[in-house]
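As given, the protein sequences belong to chains A and B, one line each in that order.
Residue 37 in UniProt numbering sits at position 37 of the first sequence; the count goes up by one each step and never skips.
Residue 127 in UniProt numbering sits at position 127 of the second sequence; the count goes up by one each step and never skips.
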Amino acid sequence: MSGRSGAITDEEINELVSKLQSLLPESRRRRSAGRVSASKLLKETCSYIKGLHREVEDLSDRLSDLMATMDSNSPQAEIIRSLLRP
Amino acid sequence: MESKSFTTGNRDNPNTDLHGSKNMMASHFLRALFRIQQTSTSSSSFAGRSRRIRRAAYASMAYSAGARRAWSRALLRKLRSRARLRFPRRLSRTARPQRRDMDQAQVLRKLVPGGPSMDYCKLLEETADYIRCLTTQVRLMQTVMDSISSYAHHPMIP
């Protein structure tokens, strides 16, 4: 996309920015009618990613908790095994 | 037990090319989970196991995107170097006012693997893909959580 020699056009940037905007959660999108400033969008993107990182960490903790109660013969282990089957 | 398949989750996302990599992500993550569970002893620390799971999550993401993406290549490098997996979440409190989108881009670069070496355009592209992958991974973990814990609450009594 930006492989051509020469400057990256504003249009390309805008396209990427609105693509990003479409990935942000609905609630954030609705607050801003029409176009947002790139700066605001990037800020929202940053906090969205931080939130996702936190979720991964939180879910890791909770999975760790659950797995503490499992042993290789427990039904929970069987669930994981079954999720692996096609 | 309601099992919402995480692979069919986001219907308004026309990215069907993600489907194959979603399966790869799932099988990789589940295998890792199983390994962790097998090698986890009663004396394993909760924190250690949690760290391993978290690491497995990012590994699954990276492997599903493979060498196709700059962020996944950077993440794979990070994982292979066995460096401590860390994504800065605390903003440094500088006095500099964050006015222009270039400043926010700097913040974003620290959050996306490989960010520091990307130009603005590349950063936006990679961020979009990284977000898609992250949300898929989160949904996957949630699905596994739901499956295991719903079983724990409604065990089958022989």
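Where is the CB? At the ideal position from N, CA and C, for every residue including glycine.
Contacts with chain B at 8 Å (Cβ-Cβ) include E55/A. At a cut-off of 8 Å between C-beta atoms, R77/B does not count as an interface residue with respect to chain A. Shown in chain order are the members of the region 124–144 of chain B whose Cβ falls below 8 Å from a Cβ of chain A: L124, E125, T127, A128, Y130, I131, R132, L134, T135, Q137, V138, M141, Q142, V144.
For L108/B, the residues of chain A that pass the 7 Å Cβ criterion are L42, T45, C46, in the order they occur in the chain. Only L59, S60, D61, R62, L63, S64, D65, L66, M67, A68, T69, M70, S72 from the region 58–72 of chain A bring a Cβ to less than 8 Å from some Cβ of chain B.
In the three-state DSSP reduction, S37/A falls in the coil class, being neither helix nor strand. A57/B sits buried, since 16 or more C-beta atoms from the chains shown fall within 10 Å of its C-beta. Taking 8 Å as the cut-off, the beta carbon of V107/B is found no closer than this to the beta carbon of L33/B. T136/B carries a helical assignment under DSSP once its states are collapsed to helix, strand and coil. Per DSSP, the unbroken alpha helix (DSSP H) holding S18/A starts and ends at 10–21.
For S44/B, there is no enclosing alpha helix (DSSP H), since its DSSP letter is neither H nor E.
In the DSSP annotation of this structure, the continuous segment of the alpha helix (DSSP H) that includes A74/B starts and ends at 70–80. Between E12/A and C133/B, the C-beta gap is not smaller than 8 Å, which leaves the two residues out of contact. Between I148/B and L59/A, the C-beta spacing is not below 8 Å.
In terms of CA proximity to R84/B, R54/B leads the group Q104/B, R54/B, G66/B.
Cβ-Cβ separation between W71/B and G20/B: approximately 18 Å, too far for a contact (criterion under 8 Å). For S74/A, the secondary structure class from DSSP, reduced to helix, strand or coil, is coil. Of the residues E125/B, Q137/B, Q142/B, the one whose Cα lies closest to the Cα of R69/B is E125/B.
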